[in-house]
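Just so we're aligned, residue 1 is where the sequence shown starts under UniProt numbering, counting upward by one.
Report on one structure; see the data block that follows.
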Amino acid sequence: MIPQHDFLALTRRHEWQLEPFAFNLTDGTRVSVWDTGVICLEPASEAGQPGHKDIVLSCGIHGNETAPIEICNQLLTRLLAEELKVRHRVLFLFGNPAAMNQGVREVEENMNRLFSGAHSKGEGLCNRERIRAMRLEQYVSRFFADSARPRYHYDLHTAIRGSRHEKFAVYPFPHERPHCKEQVRFLGACGVRTILLSSGPTTTFSYYSSHQHGAHAFTVELGKVWPFGENDMTRFIEVRQTLQELVTRDEVALEPWRADDFTLFAIDRVINKQSEQFRFLFASDVDNFTEFPQGFVLAEDGDRQYRVEKPREAVVFPNANVAIGQRTMLLVVPTRLWE
């Protein structure tokens, strides 16, 4: 039903829509294609319960972030070819096929600022990426509906620029829920040992799943943006192996907790663009997690200046080329959660 078991190729041939279809693998696994880039695998179970986890793996929310797309498609291809057998319900999401085909981050709008209903605010559903974000929310809601199983969502990305910490994850603001040490250990098994702790609600995909569905959810940055076919896949051995174990085994074997294995940051400030006069006062190629001296002027926005206010305050995700009102950078400081 899917030529060469290559769902990504099928997705890229249908940028915005694909008629749903479904079929069974020989082991009884139910494969349901809900839309372009949206495919659900449900293992057969004699007890009528498909595994004991509901797992969402999303990638390509930004179309030029190719390594996560290739990682997910390679895993999915092996599952469809029955080289591997899925143990739990898994929903694979390839977010922005049109942007993938154009080799760009977004076609019209940054999709990872369009969740938790942001797609329908302001100008409303005025472009295809807003409509796509709305539909992705609906598919996640459908996947998590009517289930008491634990929920997980790993939204996989790569960053525009280099980083002092190559792989890192953003932990969405958990509101009243405690942070989960076991999930941080899982990220460590993926080779992700730097964690940013969000300080408030956002409109990212992972925050949507965390807040709306109570999922263990993370935005996971796996390195730097490269074109399709140019990623050094040896840099992703840990995350590929751990995601494979996640979907094919009852549990992933995790190392014991050691606080010194991880670097945690608290997001101290979110700087949004207020005018077209916004500009950075540091080099355009500065790495994520670069620290500047206390008092250093990081940016100007009209008459306003943004300075380093705290010792060891570092810059993450600096990007001046965003719409007014959107984030231009995060300022983070080291923190600890557990000893």
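Glycine residues also receive a C-beta, built at the ideal position from the N, C-alpha and C atoms.
From residue i to residue j, what distance separates their C-alpha atoms?
i	j	result
His157	Leu57	11 Å
Phe21	Phe218	29 Å
Gly295	Glu245	46 Å
Trp16	Arg258	45 Å
His165	Thr26	43 Å
Glu255	Leu18	41 Å
Ser275	Pro318	16 Å
Val322	Gly28	47 Å
Arg113	Glu83	36 Å
Phe173	Arg193	18 Å
Val107	Thr66	15 Å
Pro311	Pro334	9 Å
Tyr171	Arg87	26 Å
Arg130	Thr203	12 Å
Thr290	Ala283	11 Å
Val31	Gly302	53 Å
Gln241	Gln277	46 Å
Phe265	Gln4	43 Å
Arg142	Pro227	32 Å
Phe186	Arg151	14 Å
Asp260	Gly188	12 Å
Lys181	Leu243	18 Å
Trp338	Gly200	20 Å
Val315	Ala44	47 Å
Ile55	Pro293	42 Å
Lys224	Arg128	26 Å
Gly325	Ala118	13 Å
Gly51	Arg327	39 Å
Arg135	Glu309	41 Å
Taking all protein chains shown into account, decide if residue i is buried (16 or more other Cβ within 10 angstroms of its Cβ) or exposed.
i	result
His216	buried
Met233	exposed
Met100	buried
Asn96	buried
Phe23	exposed
Leu93	buried
Asp35	buried
Lys53	buried
Arg12	buried
Asp155	buried
Arg249	exposed
Pro178	exposed
Arg304	exposed
His211	buried
Thr273	Here the sequence assigns Lys to residue 273, which means Thr is not the residue at that position. Per the 10 Å Cβ criterion, buried.
Glu70	buried
His175	exposed
Met1	exposed
Leu281	exposed
Tell me, which residues are paired with residue i by DSSP?
i	result
Lys224	Ala159
Val316	Leu330
Glu300	Arg279 and Gln305
Cys59	Phe94
Ile195	Ala169 and Leu264
Asn24	Arg30
Asn288	Ser163
Arg89	Asp54
Asp35	Val38
DSSP three-state call for residue i: helix, strand or coil?
i	result
Arg30	strand
Ile271	strand
Leu114	coil
Phe278	coil
Gln294	coil
Cys40	strand
His175	coil
His213	helix
Arg151	strand
Thr335	strand
Asn127	coil
Thr219	strand
Gln17	coil
Pro68	helix
Leu84	coil
Met1	coil
Leu76	helix
Contact defined as beta carbons within less than 8 Å: I believe residue i pairs with residue j. What is the distance between those atoms, to the nearest angstrom?
i	j	result
Asp268	Glu300	Contact doesn't hold; Cβ gap of about 20 Å is too wide.
Phe115	Ala133	6 Å
Ala253	Arg279	Contact doesn't hold; Cβ gap of about 48 Å is too wide.
Val90	Val220	With 8 Å as the limit, Val90 and Val220 do not qualify as a contact, their Cβ atoms being about 16 Å apart.
Phe7	Leu76	6 Å
His213	Val140	7 Å
Leu125	Leu79	Wrong, their Cβ atoms sit about 33 Å apart, outside the cutoff.
Asp287	Arg161	6 Å
Glu251	Gly191	Not quite, the Cβ-Cβ distance comes to about 19 Å (not below 8 Å), so this is no contact.
Leu222	Val332	That pair is no contact at about 19 Å.
Tyr208	Glu123	Incorrect: roughly 20 Å between the Cβ atoms, too far for contact.
His153	Ser206	6 Å
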